[in-house]
Every structure is written in C-alpha cells, then in structure tokens.
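Q: The structure's right below; bear with me while I get my questions together.
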Amino acid sequence: MSAEHIIEHPGGLAAEDAAVIENVLNYYLSCNEELKEVLRRHAADPLQRMAGIGFLTRKLLGPLTKAVVTATVEGLFASDPEDYGVGWELRENGAFGTAQLETYSALLPPAAKVLVIGAHIGTLAIPLSRRCAYVAAIEANPDTYSLLEMNIRLNNVQNCDTFHIAANDKAEALPFLLSRANSGGSKRRPQHSRSEYDYDDPEEITVTGIPLDDFFTRRDFDLILMDIEGSEYFALKGMQGILQHARTLVTEFLPHHLRHVSAVGVDELLAQIPDFRTLTVPSLQRQVTAAEFAPLLHYMYDNNLGDEGIIFER
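Everything in the sequence shown is counted per numbering that gives the first Met the number 0, starting at 0 for the first residue and increasing by one.
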C-alpha cells in the first residue's frame, strides 16, 4: 500500500496497520522533539550539535541499520547513519569533495597510479579510479573500511585495491579513536587531549600501524593523497622510498593536528618531504618555491590557518 493511498484513504486501514503507523509517527515526532531540544541546548556548540543530530539519526533508523546508501553524482555511496560529516553532506547535497576532485584530477598524468591514505568511504578514491589506471586506498578505521569495501562493490570498481592498515613510521599497535559524529575525524590517540577530539565520546581501539615502505613493494605512485587527521608526520616518515618517486603529494594541513595529535612542528614535518619544488596552498591562492615552504607554513601554523589539501609538486 502506497503512502499516497494511506493519506487519501485513511479509513481503509486495518486496525493493526493503523496502530503500527501511529506508533511509527509517534516515534518520529518524539525524535523530532529531541532534535529540537538538541539544537536549542547546543546552539552555540557546533560539535555537540553534530553529535546530537548523528545520535538521533541512528536512533530514528534503528540499531540494526549499519549503512545508508545515497545515489550521488559520482555513484552509490554507503555511509554511517550517525556520520554528520561526509555522510550527511552526501545525503544532503548528493556530492562530496567536488572541488577537491576537480583539483586532483587536473594533477593526474596519463595512466596515473594514485595512493589514497585515509580513503574514508571512498568518495575521492572511487571517482579517481575512473580517471586513472590504478588506485590503492588505505583506511585505518575498521567500520569505515567496511563501508569502503561496500562502496567499491556498489560501484563495480575493478582497479582499486583497499588495505585496512594505518600508515605509520614503524610497525606497532596504535591506540585509535573512533569518532561517531564525524567518522572522518577518527584518529590515532592524540598526544594532547582536547574537547574537539573527544566531544562525541569516541571508542578507543587498537589498529595496525605499519610503514608504507615496508607494506608496498611498488614505488610507482604518481599522486599521493593524504588525510589522516594528524598522523601525516608519522606516515611520511615511514614512506620515504615511495615519496622519492611520486610526482605530487597532497596532504591536509591543520595546525592543531600538528600541535596536539602528532606534537611536532612545521620544520619536523617538512623534513619528511624532501625534493619537492613547489607548494600550492589553495585556500590562500598561493604557490611558492622550496625556499618559501617553511615561511609560508610557519605563517599558517602561527595563525591557525588550515587547508584540506596543500599540494607539493616536483
């Protein structure tokens, strides 16, 4: 029976069906009231508002709902119902990272091979797989990795391999926080705890950290994309061989991640990125040569200016 039929002919429902629908509506309305209360109580705190909306979304869909599949401009993507980051944007806008995808596609040489470190659910790795010869996608969060594998299958991707590891400077078990409200914000346990890292009471687990130079025998990646929430320094330190052969490195740059997650400075980070000739910072519309890498990134660090993807090129 369609929703339209129920609306037009409410008297045609059997008593037990009417009771079920009434229970569903009452449950929805109660969740709606809870949502209004969350928005009112946390009007000035976007992180708590994010956590509250994510929690209520999962509650509304039920505990057995493990993924919500959205038809987007780049294909079908399963996301965590509680995720108020990438998942919410996919469901709201039917797309995620469109500008990033355009930028990164322009960096691809013919028959490119791409390494995505911190692939999340594949919103960049899967579209890029259609534009290049091969993609290797790494994801440390086990729940997100399951969604990544699901999305590879949903989109019938044949040239993307996925790997459930955490890029690191040495082989070790890493304490790792699973963010619920923004699964893309999951990260290694920070050196310094902050409310923006634990506002949604993340579960702490252990993941397998490994240097990528030890994990991969291949050294032919043209483009490396890295978004791993503060672990960039450790990942770079463990992939010097891979970096020597890469044409382009794109990495998230957030000063608070350097300060509090990895507890390193700009100079320590740059020491792991040798031999690149230019740096482009899209958010500042700046491109500089190697001699200016440190001054520009120190300026950003000192002024708490972040960028979702600064671009190093040879």
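Cβ coordinates follow ideal geometry from the N, Cα and C atoms, glycine included.
Check each candidate in 79, 211 and 166 and name the one with the smallest Cα separation from residue 146.
A: Along the sequence shown, read from residue 1 onward, the residue named residue 146 stands at position 147. It is 79.
Q: Please work out which residues of its chain come closer than 6 Å, Cβ to Cβ, to residue 306, disregarding the five sequence neighbours upstream and downstream, and give them in chain order.
A: For the purposes of this step, residue 306 is taken as the residue at position 307 of the sequence shown. For residue 306, where only same-chain residues beyond five positions count, the Cβ hits under 6 Å are 252, 280 and 282.
Q: Please list, in chain order, all residues of the same chain as residue 237 whose beta carbon is under 8 Å from its beta carbon, the five residues on each side excluded.
A: Sequence index remark: in the sequence shown, residue 237 carries index 238 (1-based). Result list for residue 237: 166, 167, 168, 169, 209, 210, 211, 212 and 213, in chain order.
Q: I'd like to know whether the C-beta atoms of residue 74 and residue 125 end up nearer to each other than 8 Å.
A: The residue labelled residue 74 in the question sits at position 75 within the sequence shown. The residue labelled residue 125 in the question sits at position 126 within the sequence shown. Going by C-beta atoms, residue 74 is nearer than 8 Å to residue 125.
Q: Quick one: what's got a C-beta closer than 7 Å to residue 316's C-beta in the same chain, skipping five residues either side?
A: The structure shown has nothing for residue 316, since the chain only spans 0 to 313.
Q: Assign residue 65 to buried or exposed, taking buried as 16 or more other Cβ atoms, counted over all protein chains shown, within 10 Å of its Cβ.
A: Taking the sequence shown and counting its residues from 1, the one referred to as residue 65 is at position 66. Looking at its Cβ environment, which holds fewer than 16 other Cβ atoms inside 10 Å, residue 65 is exposed.
Q: By Cβ distance, which residues of its chain are closer than 6 Å to residue 179, with the 5 residues on each side in sequence left out?
A: Stepping through the sequence shown from its first residue, residue 179 is reached at position 180. Once the five neighbours on either side are set aside, the close Cβ partners of residue 179 are 81 and 199.
Q: Taking the beta strand (DSSP E) that residue 203 falls in, what are its first and last residues?
A: On the sequence shown, position 204 is the one that residue 203 refers to. Unbroken beta strand (DSSP E) run through residue 203: 202-209.
Q: Would you mind sorting residue 185 into buried or exposed? The rule is 16 or more other CB atoms within 10 Å of its CB.
A: Residue 185 sits at position 186 when you count from the first residue of the sequence shown. Under this definition residue 185 is a buried residue.
Q: Alpha carbon to alpha carbon, how far is residue 254 from residue 187?
A: To locate residue 254, count along the sequence shown from 1; it is residue 255. To locate residue 187, count along the sequence shown from 1; it is residue 188. Roughly 16 Å separates the two Cα atoms.
Q: Quick check on residue 58: does DSSP put it in helix, strand or coil?
A: Translated into positions along the sequence shown, residue 58 becomes position 59. Note: residue 58 maps to helix in three-state DSSP.
Q: Kindly list the residues whose CB is nearer than 6 Å to the CB of residue 231, restricted to its own chain and excluding five residues on each side of it in sequence; keep chain order.
A: Counting from one through the sequence shown, the residue named residue 231 turns up at place 232. These residues qualify, in order along the chain: 225 and 250.
Q: Which residue's Cα is closest to the Cα of residue 314: 56, 190, 132 and 112?
A: Any question about residue 314 goes unanswered here, given that the chain covers just 0 to 313.
Q: Do residue 263 and residue 189 count as a contact pair if the criterion is CB distance below 8 Å?
A: For the purposes of this step, residue 189 is taken as residue 190 along the sequence shown, with counting starting at 1. For the purposes of this step, residue 263 is taken as residue 264 along the sequence shown, with counting starting at 1. It is not a contact, given that the beta carbons lie outside the stated cut-off.
Q: Between which two residues does the beta strand (DSSP E) containing residue 172 stretch?
A: Taking the sequence shown and counting its residues from 1, one reaches residue 172 at position 173. Its beta strand (DSSP E) spans residues 171-177.
Q: Where does residue 73 sit, in a helix, a strand or coil, going by DSSP?
A: Within the sequence shown, numbered from 1, the residue matching residue 73 stands at position 74. Coil at residue 73, not helix or strand.
Q: What first and last residue would you give for the alpha helix (DSSP H) that runs through residue 86?
A: As a first step, residue 86 is located in the sequence shown; it is residue number 87 there, counting from the start. Taken as a continuous stretch (DSSP letters only), the alpha helix (DSSP H) holding residue 86 covers 85-92.
Q: On a Cα-Cα basis, can you pick out the residue from 191, 304 and 285 that is closest to residue 265?
A: On the sequence shown, residue 265 is found 266 positions in, with the first residue counted as 1. When only C-alpha atoms are compared, the closest one is 304.
Q: DSSP three-state call for residue 267: helix, strand or coil?
A: To locate residue 267, count along the sequence shown from 1; it is residue 268. Of the three classes helix, strand and coil, the one that applies to residue 267 here is helix, per DSSP.
Q: What are the boundary residues of the alpha helix (DSSP H) that includes residue 231?
A: Here residue 231 refers to the residue found at position 232 of the sequence shown. First-last of the alpha helix (DSSP H) with residue 231: 231-236.
Q: Within its chain, find whatever has a CB closer than 7 Å to the CB of residue 72; leave out the 5 residues flanking it on each side and keep chain order.
A: As a position in the sequence shown, residue 72 is number 73, starting the count at 1. These residues qualify, in order along the chain: 93 and 94.
Q: Just verifying my parser: in three-state terms, what is the DSSP assignment at residue 192?
A: In the sequence shown, residue 192 corresponds to position 193, counting from 1. Of the three classes helix, strand and coil, the one that applies to residue 192 here is coil, per DSSP.
Q: Between the Cα of residue 111 and those of 246, 235, 155 and 216, spot the shortest distance and give me the residue it belongs to.
A: Stepping through the sequence shown from its first residue, residue 111 is reached at position 112. Comparing Cα positions, the closest option is 246.
Q: In chain order, what are the residue ranges of uninterrupted alpha helix (DSSP H) at least 4 long that sit wholly in the stretch 133-177?
A: Correct list: 141-153.
Q: Rounded to the nearest angstrom, how far is the Cβ of residue 268 from that of residue 257, given a contact under 8 Å?
A: The residue labelled residue 268 in the question sits at position 269 within the sequence shown. The residue labelled residue 257 in the question sits at position 258 within the sequence shown. Their Cβ separation, rounded to whole angstroms, is 7 Å, which keeps residue 268 and residue 257 in contact under 8 Å.
Q: Does residue 292 come out as helix, strand or coil in the three-state DSSP assignment?
A: Position 293 of the sequence shown, counted from the first residue, corresponds to residue 292. If DSSP states are grouped into helix, strand and coil, residue 292 belongs with the helices.
Q: Please list, in chain order, all residues of the same chain as residue 295 whose beta carbon is under 6 Å from its beta carbon, the five residues on each side excluded.
A: Reading the sequence shown from its first residue, position 296 is the one you call residue 295. Within the same chain, residue 295 has close Cβ partners 287.
Q: Starting from residue 310, follow the alpha helix (DSSP H) in both directions and report where the run begins and ends.
A: As a working mapping, residue 310 is identified with position 311 in the sequence shown. Taken as a continuous stretch (DSSP letters only), residue 310 belongs to no alpha helix (DSSP H), being part of the beta strand (DSSP E) at 306-312.
Q: Are residue 98 and residue 118 closer than 8 Å when you measure CB to CB?
A: Locating residue 98 in the sequence shown gives position 99, where the first residue counts as 1. Locating residue 118 in the sequence shown gives position 119, where the first residue counts as 1. No, they are not a contact pair.
Q: Is the CB-CB distance between residue 227 and residue 248 below 8 Å?
A: Here residue 227 is taken as the residue at index 228 of the sequence shown, counted from 1. Here residue 248 is taken as the residue at index 249 of the sequence shown, counted from 1. Cβ atoms of residue 227 and residue 248: not closer than 8 Å.
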